[in-house]
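Presented below is the structure to which this report refers.
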Amino acid sequence: ERRVVSLSVRAVCVLQGHAERACDIPSNIGELSELQSLYLNGNGLQGPIPAELGALGQLRALYLNSNKLWGSLPREIGDLKHLERLHLNSNKLSGEIPRELAGATALIQLELHQNDFSGQIPKELGHLKNLVQLDLNDNALTGPIPKELGDLATLHRLYLHNNNLDGEIPDEVLSAKMGHLAKVNFSGNMLHGYVPHSLCRMQLTQLDVSSNDDLQGKVPHCEAPHGFHSDVDNLRDCKEQLRDFCGLARPEEL
């Protein structure tokens, strides 16, 4: 008996002549109990994500991005205790992000951007202590940015732009405690209040909070002119671009 530990399929929904046929993810894929990596991205897959994927207890990488999947995100995905990379971006998924997703405590990358998710960002995502990359941008999320995201001490990238988020930016999320957070994009929301000066103690290489019309005071901004893989140069330039903003901070705000 041969064990399947990695499965990668491309162009599964494309027929001769490049015409697409309707196809979905079979529910019996949950029977591949030894599977550690599943790559089904870019296949034109349609239909819902089967809840049976939650039975793949050894799974470490799940790439379903760049398909035409619709429906909700099964809460059973939170049962995957070894899952490190979850890429569901660029589909048509909708509904709320289930708080049970926080049960997948080994997650390093969580990419849910470019879907139709609605509702609030679950505060339980702050339990994902290994998370490095959180991309929730380009959805229809509402409500405040949970302060619990400030517990993600290993986070490097936080993209929440182009949603309908409101409320103030929590001090906990932009603080020196977030020692690894370098890339932040909250643009294109409905945030209000003041941008916390606590970010001046961070090692940012990118910061964008533009297109939040109700933000008050000086709104800081820094880009990554050297590309996203030149962090040393970007860090230097970002500090320079934030100089005026940080010069207005009182000591107790840092």
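Under the working numbering, think of the first position of the sequence shown as 12, with each following residue one higher.
Think of the CB as a built atom: it goes at the ideal place given N, C-alpha and C, for glycine as much as any other residue.
Select from the options the residue whose C-alpha is nearest the C-alpha of residue i.
i, options, result
"Phe197", "Thr153, Pro37 and Lys134", "Thr153"
"Gly161", "Ala151, Gly178 and Ala187", "Ala187"
"Leu56", "Gly41, Cys249 and Ser77", "Ser77"
"Leu259", "Asp242, Asp248, Ala235 and Pro231", "Pro231"
"Ser63", "Asn52, Asp90 and Leu80", "What sits at residue 63 in the sequence shown is Glu, not Ser. The residue with the shortest Cα to Cα distance from Glu63 is Asp90."
"Phe128", "Lys92, Glu135 and Leu171", "Leu171"
How would you label residue i, buried or exposed, when you count the other beta carbons within 10 angstroms and need 16 or more for buried?
i, result
"Val20", "exposed"
"Gln227", "exposed"
"His208", "buried"
"His191", "exposed"
"Val23", "exposed"
"Gly28", "Residue placement at Gly28 cannot be trusted, given a pLDDT of 49 that sits under 50; what the coordinates show is reported in the next sentence. Counting Cβ neighbours within 10 Å, Gly28 comes out exposed, since fewer than 16 surround it."
"Val206", "buried"
"Asp219", "buried"
"Ser38", "exposed"
"Asn200", "buried"
"Arg14", "exposed"
"Gly204", "exposed"
Residue i and residue j: beta carbons closer than 8 Å?
i, j, result
"Ser44", "Ser17", "no"
"Asn173", "Asp149", "yes"
"Val195", "Leu163", "no"
"Leu73", "Leu104", "no"
"Asn245", "Gln214", "no"
"Ile156", "Gly137", "no"
"Gln125", "Gln144", "no"
"Leu8", "Leu99", "With the chain running from 12 to 265 in the structure shown, residue 8 is simply not present."
Check for me: the beta strand (DSSP E) holding residue i runs from which residue to which?
i, result
"Glu107", "Lys103 to Glu107"
"Phe197", "Careful: Phe197 lies outside any beta strand (DSSP E) and carries neither H nor E."
"Gln144", "Gln144 to Asp146"
"Ala66", "Note, Ala66: premise wrong, no beta strand (DSSP E); not H, not E."
"Gly204", "Met201 to Tyr205"
"Val122", "Inspection of the sequence shows that residue 122 is occupied by Glu rather than by Val. Here the beta strand (DSSP E) through Glu122 covers Gln120 to Glu122."
"Thr153", "Ala151 to Gly154"
"Gly130", "Asp127 to Gln131"
"Gln217", "Gln217 to Asp219"
"Gln227", "Asp225 to Gln227"
"Ser48", "Ser48 to Tyr50"
"Leu166", "Where Leu166 is concerned, there is no enclosing beta strand (DSSP E), given that its DSSP letter is neither H nor E."
Considering residue i, what are the terminal residues of the alpha helix (DSSP H) in which it resides?
i, result
"Lys250", "Asp242 to Gln252"
Would you say the beta carbon of residue i comes nearer than 7 Å to a heavy atom of the ligand SAM?
i, result
"Lys194", "The ligand SAM is absent from the structure shown, which contains no ligand whatsoever."
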